[in-house]
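S.K.:
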Amino acid sequence: NNYRFIVKINFNSQMMWIRFIGTHAEYDKIDVNKI
Numbered sequence: 015n016n017y018r019f020i021v022k023i024n025f026n027s028q029m030m031w032i033r034f035i036g037t038h039a040e041y042d043k044i045d046v047n048k049i
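Numbers in the working numbering are just positions in the sequence shown, counted from 1, shifted up by 14.
(1) Determine the closest residue to F34 out of N16, V21 and N15, with distance taken between C-alpha atoms.
(2) Excluding the 5 residues preceding and the 5 following I44 in the sequence, name in chain order all residues of the same chain whose CB lies nearer than 7 Å to its CB.
(3) Leaving out the 5 sequence neighbours to the left and right, which residues in its chain are closer than 6 Å to I32 when beta-carbon positions are compared?
(4) Between the alpha carbons of F19 and F25, how many angstroms are there, rounded?
(5) From M29 to I23, what distance separates their C-alpha atoms?
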C-alpha cells in the first residue's frame, strides 16, 4: 500500500484510463484541476 492511483472508468464502453500512479506524498501534491 505504498502507492495510489486515480482512474477514469467508462462503464458503457468498458474502458479504464489510468490518470495517475504515484506515492502517497505525490498524491497529496496533486492539483485536481489538472487530472
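All residues carry an ideal CB built from backbone N, CA and C; glycine is no exception. Bear in mind the structure is a predicted one, so any value in this text is a computation, not a measurement.
M.R.: This is what the structure gives:
(1) In the sequence shown, the residue the question calls residue 34 occupies position 20. The candidate whose alpha carbon is nearest that of F34 is V21.
(2) Here residue 44 corresponds to residue number 30 of the sequence shown, with the count starting at 1. The residues are F34.
(3) The residue given as residue 32 occupies position 18 in the sequence shown. For I32, where only same-chain residues beyond five positions count, the Cβ hits under 6 Å are V21.
(4) Counting from one through the sequence shown, the residue named residue 19 turns up at place 5. Counting from one through the sequence shown, the residue named residue 25 turns up at place 11. Rounded to the nearest angstrom, the two C-alpha atoms are 18 Å apart.
(5) By one-based count along the sequence shown, residue 29 stands at place 15. By one-based count along the sequence shown, residue 23 stands at place 9. Going by the C-alpha atoms only, they are around 6 Å apart.
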